[in-house]
Structure formats: C-alpha cells, structure tokens
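First comes the structure, then the notes that go with it.
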Amino acid sequence: MGVGIEVESLNAWFGATQALQDIGMRIAPNHATAIIGPSGCGKSTFVRCLNRMHETLPETRVTGKVRIGEMEVYGDGTPAVLVRRQVGMVFQKPNPFPAMSIYDNVAAGLKLNGFRDRRKLDEIVERSLRMAALWDEVKDALKKKSGASLSGGQQQRLCIARALAVEPNVLLMDEPASALDPISTGKIEDLIFQLKENYTIVIVTHNMQQAARVAEFTGFFLLGRLIEFAKTEKIFTNPSDKRTEDYITGRFG
Amino acid sequence: MRTGSRLPDETFRYAMIACGLSVAVVLGLILYELVVNSSLSLHQFGWRFFISQTWDPVKDQFGALPFIYGTIVSSIVALVLAVPLGVGVALFITEMCPQRLRGILSFSTELLAAIPSVIYGLWAIFVLVPILRLYIEPGLMRYFGWTGLFEGPPYGIGMLAAGIVLAIMVVPIISSLTREVLSAVPRNQREAALALGSTRWEMIRIGVLRNARAGILGAVILGLGRALGETMAVTMVIGNRPEIAKSLLAPGYTMASVIANEFTEATGRLYLSALVEIGLALFLVTIVVNALARLLVWSVTRGLPARVHAQ
Ligand SMILES: Nc1ncnc2c1ncn2[C@@H]1O[C@H](COP(=O)(O)OP(=O)(O)OP(=O)(O)O)[C@@H](O)[C@H]1O
Ligand SMILES: [Mg+2]
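Protein sequences, first through last, are from chains A and B. The C-terminal residue of the first sequence carries number 241 in the working numbering, and the numbering is unbroken. The C-terminal residue of the second sequence carries number 345 in the working numbering, and the numbering is unbroken.
Encoded structure:
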C-alpha cells in the first residue's frame, strides 16, 4: 500500500550551485503527483532527493526533511540503502541490466534482499511483469533473452517491473515516457493509472497533457523553487501564480 | 574554389594504405622467416618436438616441452597473482578512490608499465629472491608443502620468482585496461543498481563487474600475452634449467628465455633450427592470444556488450 510523502524545507546543491531551494510539499498516498517545469528547474533533482539518489553524485549536498510514511528519509539512523529499497525508481532512459536475462532483471532487487525461494520468485516475477503489461510479450523468452534485447518501450516496462518486484511503497518516475513512441507512452500511462490504486506515484514530465491525464496533483517548479502545488485541474485551468499560467499557456519554457 | 585538392588527397590515401599494408607485410615476413629457418627441425622431429622432454644439444636431441611447460606455468602463477590485484586496483581507482588521488594512482600504475624489464630482473635478483629464499619459501613449504607445489630446497630463484616478477609486470596492463572497461560502463547501470537498494559492493557486482566481464577477460588475456612473451626479467630469475618439476620452487625455463640465452651459442644447424621453431610457436601463440584479447576489449568499449545469456 502506498504511503504519503512529506517534504519540508528541502535544499539541494551541486557543488556550490543550489538546485533546490526551500521546497515543501505533501504528497498524498495512493495518488499520482506530477512534477512539471522548464528544463533545468530541478525536477529530477527533487525526485532524486526523495530516495537519496542525489547524494550518490560527487560533491552534492542535501538539507531539510523528507518523511515517507513513518520513515525519516534523512534521519540519523536511516541508511540510504533502506530508503531505496522502499522507494522504486524509474529513469528517463531505460536502464535494464544488459548482462542479465529478463527474468534476472526483474528478480535483481529481490535477490539483493537475499530472497532465494525459487517458486515464490517465479510468482513475483510473473506478477511484476503482468503489472507492467509486459508479461505477454516476454513470457516465452524470460530466461533466454537479455534485458537489452527488448525494444525501448519494452525495456522501460521491464524497468518498471524491476522496480515493482520489490514491492515499494512509492514509485518515482523521471520522465519515464520521454524516449518512447506514442503507443509505448500510452501503455505506460495506462500502467500509471492502474498502479496508483496501490502505490504513491511521483512522475516528472515535460508533457502537460500527460500530467493532466495521469496525475491528481501537480507541482510546478521554476529555478529550483516550487512555485505552485495544487490539484492538477486547478493548475491547468485556474493557476494562482502568474508564472504557472505563463508556463502552461506556453509563454515560456 | 579548391579544385586542386584532389591530387594531395589521393596521394595521402595511398600513403596511408601503404603504411597500413606494411604492418601486415612485416608480420607475414616474420612468419615466413620463422618457418623457413625452422624447417630442418620441423622435418626432423615433427609433432614430437612439442611433447619431448629432452633438450640435449650435444646429442642433437631437441624437445620443447620443458619450455612450453615453463612458459605456461610461470604465466599461470603470474595471472593468479596479478588478476585479483590488477582488477582490485582498477576497481579502487574507478569506484572508491577520492577524485584527487585518482590521477596520481592511475599515473603511477601506468608508470610501472614503462619500466624496462631488465630493471625488474635486477630488482628481483637483489630484493625479491632473497626475501623468497629466507622468508616466503620456507613458510610456503611449512604450510602448503602438502600440496606438492612447494617442495625441494628454497633457492629463491625458480618458477615462483619468475611468476611473481611477471605478475608485477602484468598488473599495470590488467589494471589500466580494466579501468578503461569499467569506466565504459554507463552511469545509468550504477544508478539502476543503487536505486534497487544495493550496497556499494552489490552495486559494483551487479551494476559494474557484471557488465564489464567480457572486457576484463580481455584485459586478463592481454596480460597473459605479455607474460608469455616476456624474456629478460624471467631469464634473470627462473633458473634456466630445462626440466619439468611439479614444485614451483624448482628452477625452470621458458620459451622466450631459452631463445635469448642459447641463440648466440647454438652451433649446429639443427640446434639453431630447433630454437627458431620454439620462436615460431611462441609467435603464433602470442598473436592468437593478443587478437582474442583485443577483440574482447574492443567489443566492450565500443558499447557492444558481448551477448551474455542467462546462466
Ligand atoms: N550532475 C550535475 N552537476 C552539476 N549540476 C547539475 C548536475 N545535474 C543537474 N545540475 C544542475 O541542477 C539544476 C537542476 O537540474 P535537474 O536535472 O534537476 O533539472 P530538470 O528539471 O530535471 O531538467 P530536465 O527537464 O532537463 O531534466 C540545473 O540547473 C542543472 O544545471
Ligand atoms: Mg530531469
């Protein structure tokens, strides 16, 4: 089941440049929340702060609070590894493990957790691939084909299956469909629509129609700040900030 | 308008083709010379040359097995020591080392590769061999004597010493190539592993090493190529005795060092011809080994991961 996310005065730096400034946000459980904004405004940085991926880059720094469910993400006693196990992430460019079979790709996270039960593993792999709407396309070559032998759209769904297999509470998606054709994009949007019944989803997107289609809430970022955060409908029909309005009407960005 | 540019272009092209071809021609000529000059021995001994253990210039009896054995065993010893060390150094440099140390470390490993092998030989004679004789070999005999690999008087000089010197010479090759291969693994593979909640070591295992294994194998084989052909340093410490002994402490001989040592004193035509035949065998083996290694490294750094199937 999804859990809520609370972000309080979050700041993030790359070296001396500040990429996020004083972000506060409450993300509702079991809903999809879209993050929009012009290129370079800090969208990726923001989602990467939610699962502590930001700090894996050299010379980066984060301050502030993030709470996912009961877990203090930046708490003293919370290991980053634990956070990442409970938060799934899907990247802009599909990144399956090319040296692993489709099956092993999906099972990778579970095997890391020390999961060894073969039968259970088979079950979870199948369920995850079904959830990612990929099962029918790959079920005959699960262990024969490499993760890299799939098409781009299939690879992205494989990555989604891989993230889902560890049963995270939250799924972060950074422009998951931006490298895909309209049909694959449609499949992934359908998928998000189904997944949000059980997961809390945060999706970064450049495509405003996409945000409108899949997300109940939308946050608009500009120059490292959260300008407006509200119901998607409100953002797109009646934004309270002039800058949001300019962006969604295409006056800049 | 640059109408005149045609001619120089053509000339340049032919010059380049000539340069490229000359390499192939040289290679072909070497092969030809080796075959011609070893024909006597090739005819006299046939395949038995490679399985006979006798090397007796006085009676004109020549068999290459002790040298083949020595070359293979010293190279294996070298790889056993150099692979973990070389890959470890490469992993440390690419994955863990602070940015500032990185340059210094990779520079100094590369520097190791530039030292002439005779210097390694000298160092081995004056430093390595005494240490082996006084401390390491007696220890190995006490604790691992039962394997049969460490028996007989600890001379210091011998197969083990040769293997260690070779290992030191091979480490820079393995580590610098492995480093290249590791840094060719895209960052998104590391991120994929991290985002699944892997620890740093797990990330290295599934996100890096697993993708780089064909290339690392290539680096190892290239190191092997170096070890097979290395002459000077080995000759100085291996003991130069054409015998096959199970013990690594015993002296041995390699293909490269027998050629270097005995070529000038080889009086009979058959003797000379036998040495050239050893050279021919060494030439062919190293060419094949190097070609294989280049192919593997190339396939990885070009981003065409050798298709690996499920285990
Ligand atoms: N690895 C990095 N090193 C230094 N600065 C970076 C790095 N990655 C991003 N930045 C800077 O941080 C800011 C935010 O970048 P971020 O990637 O979060 O933007 P984004 O909103 O995701 O953009 P896009 O829509 O293009 O993906 C940008 O100004 C960028 O220049
Ligand atoms: Mg981005």
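Cβ atoms here follow ideal geometry from the backbone N, Cα and C, with glycine treated the same way. As the structure is a prediction and not an experimental result, all values here were calculated from the model.
What residues are listed by DSSP as bridge partners for residue i?
i: A:Lys53; result: A:Glu(-4)
i: A:Phe217; result: A:Gly207
i: B:Gln95; result: B:Asp90
i: A:Glu60; result: A:Arg55
i: A:Ile24; result: A:Phe208
i: A:Thr48; result: A:Phe2
i: A:Ser134; result: A:Ser89
Can you name the start and end residues of the alpha helix (DSSP H) that residue i belongs to?
i: A:Gly76; result: No alpha helix (DSSP H) contains A:Gly76, which is instead part of the beta strand (DSSP E) from Val75 to Val78.
i: A:Leu159; result: Element bounds for A:Leu159: not the alpha helix (DSSP H) but the beta strand (DSSP E), Val158 to Asp162.
i: B:Pro172; result: Glu171 to Phe178
i: A:Cys147; result: Gly140 to Ala153
i: A:Leu168; result: Taken as a continuous stretch (DSSP letters only), A:Leu168 belongs to no alpha helix (DSSP H), as it is neither H nor E.
i: B:His77; result: Ser73 to Phe79
i: B:Leu156; result: Ser151 to Trp157
i: A:Phe34; result: Lys31 to Leu38
i: B:Pro206; result: Met193 to Ala218
i: B:Ala291; result: Checking the sequence shown, residue 291 of chain B turns out to be Ser, not Ala. Met289 to Glu296 is the span of the alpha helix (DSSP H), which, as asked, contains B:Ser291.
i: A:Val108; result: Here the sequence assigns Lys to residue 108 of chain A, which means Val is not the residue at that position. Counting along the chain, the alpha helix (DSSP H) containing A:Lys108 begins and ends at Arg106 to Met119.
i: B:Leu256; result: Arg244 to Gly263
i: B:Glu225; result: Arg221 to Ala229
i: A:Ile236; result: Lys230 to Ile236
i: A:Met(-11); result: From DSSP, A:Met(-11) is part of no alpha helix (DSSP H); its letter is neither H nor E.
i: B:Thr143; result: Gln133 to Ala148
i: A:Glu125; result: Trp123 to Val126
Since residue i is in the beta strand (DSSP E), which residue starts that stretch and which ends it?
i: A:Asp10; result: Thr5 to Ile15
i: A:Ile191; result: Thr188 to Val192
Would you say residue i and residue j are within 8 Å of each other, going by their C-beta atoms?
i: A:Gly212; j: A:Cys29; result: yes
i: B:Phe84; j: B:Leu99; result: yes
i: A:Tyr187; j: A:Leu146; result: no
i: B:Ile127; j: B:Leu146; result: no
i: A:Asn93; j: A:Gly135; result: yes
i: B:Met143; j: B:Val114; result: Contrary to the premise, residue 143 of chain B reads as Thr rather than Met in this sequence. No. Outside cutoff.
i: A:Phe34; j: A:Ile56; result: no
i: B:Ser75; j: B:Leu304; result: yes
i: B:Ala253; j: B:Ile208; result: yes
i: B:Leu216; j: B:Leu125; result: yes
i: A:Thr48; j: A:His42; result: yes
i: B:Gly104; j: B:Thr288; result: yes
i: A:Val268; j: B:Thr233; result: An answer regarding residue 268 of chain A cannot be provided, because it is not within the stretch -11 to 241 covered by chain A.
i: A:Met13; j: A:Leu214; result: yes
Would you grab the beta carbon distance between residue i and residue j for me? Rounded to a whole angstrom, and I think it's under 8 Å.
i: A:Ala96; j: B:Ile240; result: 6 Å
i: A:Ala20; j: A:Ile180; result: 6 Å
i: B:Ser281; j: B:Glu185; result: 4 Å
i: A:Asp169; j: A:Gly141; result: 7 Å
i: B:Val204; j: B:Asn245; result: Their Cβ separation, rounded to whole angstroms, is 23 Å, which puts B:Val204 and B:Asn245 out of contact at 8 Å.
i: A:Leu152; j: A:Gly76; result: 6 Å
i: A:Val71; j: A:Leu(-2); result: 14 Å between Cβ atoms; not a contact.
i: A:Ser172; j: A:Lys131; result: No, A:Ser172 and A:Lys131 are not in contact; Cβ-Cβ is about 24 Å, not under 8 Å.
i: B:Glu311; j: B:Ser72; result: 4 Å
i: A:Gln198; j: A:Glu177; result: 6 Å
i: A:Asn18; j: A:Lys184; result: 6 Å
i: B:Leu194; j: B:Val111; result: 7 Å
Measuring only the C-alpha atoms, how far is residue i from residue j?
i: A:Phe224; j: A:Ala200; result: 8 Å
i: A:Glu221; j: A:Ile15; result: 16 Å
i: B:Ala344; j: B:Gly313; result: Here the model assigns B:Ala344 a pLDDT of 30, short of 50, so the residue's position is not dependable, and the following value carries that caveat. Going by the C-alpha atoms only, they are around 41 Å apart.
i: B:Trp157; j: B:Ile255; result: 26 Å
i: A:Asp105; j: A:Met(-11); result: 23 Å
i: B:Glu225; j: B:Leu162; result: 44 Å
i: B:Trp89; j: B:Thr301; result: 15 Å
i: A:Asn101; j: B:Glu129; result: 22 Å
i: B:Glu299; j: B:Gly190; result: 27 Å
i: B:Pro339; j: A:Ser228; result: Low local confidence applies: a pLDDT of 46 at B:Pro339 is under 50, so the model's placement there is unreliable, with the coordinate-based value given in what follows. The straight-line gap from Cα to Cα measures roughly 51 Å.
i: B:Met13; j: A:Asn83; result: No statement about residue 13 of chain B is possible, as the shown extent of chain B runs from 35 to 345 and does not include it.
i: B:Leu243; j: A:Ala165; result: 29 Å
i: B:Ile153; j: B:Met266; result: 9 Å
i: B:Ser307; j: B:Arg275; result: 20 Å
i: A:Pro86; j: B:Gly137; result: 30 Å
i: A:Ala7; j: A:Ser27; result: 12 Å
i: A:Asp128; j: A:Gln143; result: 16 Å
i: B:Phe160; j: B:Arg167; result: 11 Å
i: B:Ala290; j: B:Ala279; result: 19 Å
i: A:Ile236; j: A:Asn226; result: 10 Å
i: B:Ile198; j: B:Leu283; result: 12 Å
i: B:Gly263; j: B:Leu228; result: 42 Å
i: A:Lys133; j: A:Arg150; result: 16 Å
Taking 7 Å as the line, does the beta carbon of residue i fall inside it for any heavy atom of ligand 3?
i: A:Phe2; result: In terms of ligand content, the structure shown lacks ligand 3 and carries ligand 1 and ligand 2 instead.
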